[in-house]
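Asks: Quick note, the sequences are listed as chains A and B, same order. Heads up, the final residue of the first sequence is numbered 119 in full-length UniProt numbering, and it's a clean run with no missing numbers. Heads up, the final residue of the second sequence is numbered 119 in full-length UniProt numbering, and it's a clean run with no missing numbers.
2 protein chains.
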Amino acid sequence: MEKVNIAEKLSLFSEHWSPKIVGELNGQQVKLAKLKGEFVWHKHDHEDELFYVVEGTLTILFRDRTVTLHPHEFLIVPRGVEHKPVAEEEVSVMLFEPATTLNTGDAESELTKRTLEKL
Amino acid sequence: MEKVNIAEKLSLFSEHWSPKIVGELNGQQVKLAKLKGEFVWHKHDHEDELFYVVEGTLTILFRDRTVTLHPHEFLIVPRGVEHKPVAEEEVSVMLFEPATTLNTGDAESELTKRTLEKL
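(1) State buried or exposed for A/E89, treating a residue as buried only when at least 16 other CB atoms are found within 10 Å of its CB.
(2) Give the range of the beta strand (DSSP E) segment to which A/L69 is assigned.
(3) So, helix, strand or coil for B/K113, using DSSP?
(4) Per DSSP, which one or two residues make a beta bridge with A/N5?
(5) What span of residues does the beta strand (DSSP E) with B/A107 cover, start to end?
(6) May I ask you to list the residues that DSSP assigns as paired with A/F51?
(7) For a test of the three-state rule: what should DSSP assign to B/L119, helix, strand or coil?
(8) Buried or exposed for A/H83, going by 16 or more other Cβ atoms inside 10 Å?
(9) Is any beta-carbon of chain A found at less than 7 Å from that of B/H72?
(10) Listed from N- to C-terminal order along the chain, which residues in the segment 16-38 of chain B have their beta-carbon within a distance smaller than 9 Å of any beta-carbon of chain A?
Below, the structure is given as structure tokens:
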């Protein structure tokens with residue numbers, strides 16, 4: 001049972017679109033990720049996904065709207081809803097989602113990360 | 001699907017030890033709470049509980065140790081582990097835990113909140 005300091009964990013990696021596991025509870029995981037550029041359109045058929053912005057600005061595109069998140073704002077994307085995260089400049093995010101969640105959801109590609117590092 | 005601004009939600013209430021629900025996903029809830037003073041010793045037999053400090057300092061006492069959390073640090077308290085949150089000065093925290101989690105766990109008292117407000 002160790003406390004987690006978000007800034008310290010973020011200092012340990014620099015790659016984009018590669019979530020790191022920093023906590024696990026009740027079948028869910030807490031992940032940290034750095035994002036920059038455009039991700040792929042995808043959805044998670046069985047998992048709701050929470051995006052919490054730590055630093056920077058994250059835009060999440062939906063088919064019918066766009067949501068922009070600033071530091072210490074979060075959005076829950078319900079299962080089944082197509083979304084595409086975009087970040088003009090690097091953004092650091094914390095994710096809460098089931099341990100079963102695949103980063104690219106139903107849109108597997110070279111961006112898919114099947115095995116995530118634990119920090 | 002509305003984004004949540006943590007500071008804005010925190011501005012909506014002032015009472016201590018009364019968690020407010022600000023998000024729900026995958027059977028879990030995201031709660032915000034303001035804490036000041038000493039809570040009761042308790043445990044949750046079936047729920048792991050995440051404490052994330054937004055502002056202020058939170059001390060969590062365990063039977064064999066003490067953990068102090070500063071802003072943007074979190075701790076996951078595993079199910080079954082007795083703990084007692086203490087805050088000398090007011091602290092604002094975000095909680096992530098199953099929707100079934102009762103604030104006082106196995107130590108029901110006048111501090112127990114069975115119905116939580118959604119903000």
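All C-beta atoms, glycine included, are put in the ideal place defined by N, C-alpha and C. Values in this document were obtained by computation on a predicted structure and should not be read as measured data.
Replies: Considering the structure as presented:
(1) One-based indexing of the first sequence puts residue 89 of chain A at position 89. Counting Cβ neighbours within 10 Å, A/E89 comes out exposed, since fewer than 16 surround it.
(2) For the purposes of this step, residue 69 of chain A is taken as the residue at position 69 of the first sequence. That run of the beta strand (DSSP E) goes 66-69.
(3) Looking up residue 113 of chain B in the second sequence gives position 113. In the structure shown, B/K113 sits in coil (DSSP, three-state: anything other than H, G, I, E or B).
(4) In the first sequence, counting from the first residue as 1, residue 5 of chain A sits at position 5. Its beta-bridge partners are B/E73.
(5) Taking the second sequence and counting its residues from 1, one reaches residue 107 of chain B at position 107. Where B/A107 is concerned, there is no enclosing beta strand (DSSP E), given that its DSSP letter is neither H nor E.
(6) Stepping through the first sequence from its first residue, residue 51 of chain A is reached at position 51. Answer by DSSP bridge pairing, in chain order: A/L75, A/L95.
(7) Counting from 1 along the second sequence, the entry for residue 119 of chain B is found at position 119. Coil at B/L119, not helix or strand.
(8) Here the question's residue 83 of chain A lines up with position 83 in the first sequence. Result: buried.
(9) Working through the second sequence from its first residue, we reach residue 72 of chain B at position 72. For B/H72, the answer is yes, since a Cβ of chain A falls inside 7 Å of its Cβ.
(10) Of all residues in the segment 16-38 of chain B, V22, G23, E24, L25, N26, G27, Q28, V30 have a Cβ within less than 9 Å of some Cβ in chain A.
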